[in-house]
Amino acid sequence: MVEGTYYIETYGCQMNEHDSEKMSALLERMGLTAVSSPERAEVIVINTCSIREKAEHKVYSALGKLKPLKAKNPRMVTIVSGCVAQQEKEGLLKKAGYLDAVLGTHCIDELPELVEQIKKTGERIARTAFSKDVKSLHVTAHGRGRSPVCSYVTIMQGCSNFCSYCVVPFTRGPEQSRPFQEILDEVSALTQKGIREITLLGQNVNAYGNSHDMHISFAHLLEKLHKVQGLNRIRFTTSHPRDFHEDLISAIADLDSVCEHVHLPLQAGSDRILKAMRRGYTLDYYLGKVAKLRSRIPKIAITSDIIVGFPGETEDDFLQTFEALQQIRFDQIFSFKYSPRPGTGASSLPGQVPEEAKTSRLAEVQTLQDQITQHYHKLAEGTEEEVLIEGIRIKTGQPFGRTRTNKIVNLESSQDISAGETVKAKIIRGLKHSMIGRKIS
Ligand code: 5AD
Ligand code: SF4
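Mapping of the sequence shown onto this note's numbering: residues 272 to 712, in sequence order.
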């Protein structure tokens with residue numbers, strides 16, 4: 272056991288958030304205790320993201336802040352993990368003399384041993400090897416999630432799609448699925464601890480089972496998890512439109528615990544751009560999936576990711592994206608300016624779009640989507656929704672949670688409700704980013 276304190280700073284997506292939860296669990300098993308500011312920590316981990324240049328810049332400014340901390344307390348252990356760590360490997364140790372270790376995305380399980388070794392020998396270490404059987408895939412976070420009733424569960428790691436803009440296949444390695452029994456055991460253990468909602472995580476969850484001779488598909492996995500006693504809600508993210516088949520649509524339609532929400536990144540509305548992105552589908556194919564989902568599951572919420580300003584995107588290509596958004600009317604989207612990533616196919620394509628055009632296209636997309644999202648929230652006024660309460664807002668005392676379609680509902684504060692309860696609420700106001708509800712007794 273090591274006495275002491277730790278602090279983890281997290282950048283990036285849900286996979287990274289969950290990796291941080293796993294690292295917390297590992298450090299706490301060693302005997303370390305979390306603190307809320309880096310100044311008071313003896314072990315600091317910066318868990319990094321490199322999906323876009325802006326994310327990477329944020330990471331470097333966070334790293335810069337470690338320098339004075341380490342100068343003040345040379346016994347402090349400073350570690351960089353995540354996607355920037357994986358990308359830069361031992362080069363980071365050369366760049367930043369105040370760093371003790373670089374921990375790659377396949378090596379999270381080695382964190383406790385790494386800390387002990389640094390404390391003992393003062394060595395500077397880089398662990399960034401990719402392996403066929405990713406050990407960190409087996410590490411569990413024991414429900415150290417964002418709420419006492421919701422938890423992430425990793426079902427796969429990596430991605431083998433090589434979309435031409437994306438760095439993830441390089442930072443997370445090839446697609447690998449986690450053994451089914453392990454997932455089932457983790458979900459069962461979580462529900463016994465009071466977890467009511469799980470979100471299954473992977474870069475491409477509907478390819479689950481493809482990477483091994485596993486004889487189980489993602490839809491089957493959902494069927495098995497649906498039978499776990501005490502589990503009310505199953506969510507999953509992210510899905511790839513190309514691998515989104517009939518059996519998965521049936522699983523969402525037929526299994527009560529599987530929530531009516533799909534995150535299905537479209538990326539662009541122009542077939543020419545989709546091809547250059549190597550997405551493997553056309554807009555028509557995508558529209559067909561949306562139509563099927565909506566006809567089988569009328570309440571389904573569909574959210575998406577959009578990239579503007581991919582190399583070669585003309586005004587006309589952009590217009591096709593804009594019109595696709597008008598036609599589909601997603602419940603919500605995440606939208607980004609294309610950012611060239613080192614080593615990816617698209618970064619060396621001709622026709623890189625000027626920054627001003629990217630900025631104005633992004634603003635157009637976001638203004639349109641804000642109107643659509645708010646319209647959905649307004650339409651919900653007067654309807655009844657099932658809300659799983661995740662906690663109480665500290666400032667206002669309002670219980671809050673999400674609908675099955677993943678929309679945030681803040682309940683009126685006077686109501687006596689605690690985390691973990693599932694309540695029926697009448698939506699009394701639809702706002703831009705959330706809704707206000709009243710519990711129906
Ligand atoms: N530039 C901009 N956005 C990107 N994304 C992935 N790579 C890039 C990039 N190079 C977006 C995609 C993906 C989401 C997680 O991030 O929309 O779905
Ligand atoms: Fe960022 Fe992608 Fe890594 Fe997630 S997997 S942290 S989005 S680069």
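All residues carry an ideal CB built from backbone N, CA and C; glycine is no exception.
Any chance you could list the residues with Cβ under 6 Å from a heavy atom of the ligand 5AD, keeping chain order?
Ile322, Arg323, Tyr436, Cys437, Pro536, Gln538, Asp576, Ile578, Phe607, Tyr609, Ser610, Arg612
Express the C-alpha separation of Val658 and Asn784 in angstroms, rounding to a whole number.
Given a span of 272 to 712 for the chain in the structure shown, any question on residue 784 remains unanswerable.
Contiguous beta strand (DSSP E) assignments of at least 3 residues, all confined to the region 514-550:
532-534
Run through DSSP, which three-state label would Asn477 get?
helix
Across the region 418-431 and the region 599-609, are there enough close Cβ pairs to call them in contact, namely three or more that are closer than 8 Å?
no
Whole runs of the beta strand (DSSP E) within the region 543-613, excluding any shorter than 3 residues:
572-579, 603-608
Quick check: the Cα distance between Ala356 and Val410, rounded to an integer number of angstroms?
19 Å
Contact the region 274-288 vs the region 303-321: 3+ CB pairs below 8 Å:
yes
Pick out whichever of Val529, Ala539, Glu517 has its Cα sitting closest to the Cα of Gln591.
Ala539
Out of Leu364, Pro309, Glu327, which one is the CA nearest neighbour of Asn344?
Pro309
Cα-Cα separation between His377 and Leu297, rounded to whole angstroms
15 Å
Ser705: which of Ile665, Ala690, His646 sits nearest, CA to CA?
His646
Residues that Ala305 bridges to, as DSSP identifies them:
Tyr277
What residues match up with Gln695 in a beta bridge as DSSP calls it?
For clarity, residue 695 is Lys in the given sequence; the question names Gln instead. Answer by DSSP bridge pairing, in chain order: Glu657.
May I ask you to report which of helix, strand or coil DSSP gives Tyr647?
helix
I'd like to know whether the C-beta atoms of Ser541 and Asp588 end up nearer to each other than 8 Å.
yes
By the three-class DSSP mapping on this structure, what secondary structure does Phe507 have?
strand
Is Lys649 a contact residue of the ligand COA, with contact defined as CB to any heavy atom under 7 Å?
Among the ligands in the structure shown, the ligand COA does not appear; only the ligand 5AD and the ligand SF4 can be found there.
Which residue's Cα is closest to the Cα of Gly691: Phe507, Gly302, Glu468?
Glu468
Which residues does DSSP pair with Ala397 in a beta bridge?
Val373
Using the three-state DSSP reduction, which class does Glu468 fall into: helix, strand or coil?
strand
So is Tyr423 buried or exposed if we call it buried at 16+ other beta carbons inside 10 Å?
buried
So that I know if they touch, is there some Cβ in chain C lying closer than 8 Å to that of Arg506?
The displayed structure is made up of one protein chain only, and chain C is not part of it.
To the nearest angstrom, how far is the alpha carbon of Ala696 from that of Gly672?
11 Å
Tell me Gly708's beta-bridge partners as DSSP assigns them.
Leu682, Ile698
I think Leu218 touches Pro512, with their Cβ atoms under 8 Å apart; what is that distance to the nearest whole Å?
Outside the displayed span of the chain (272 to 712) sits residue 218, for which this structure offers no information.
Starting from the Cα of Cys421, find the closest Cα among Glu381, Leu471, His516, Asp404 and give me that residue.
Leu471
Mapping the DSSP letters down to three states, classify Gln642 as helix, strand or coil.
helix
Residue environment, Ala478, which counts as buried when at least 16 other CB atoms sit within 10 Å:
buried
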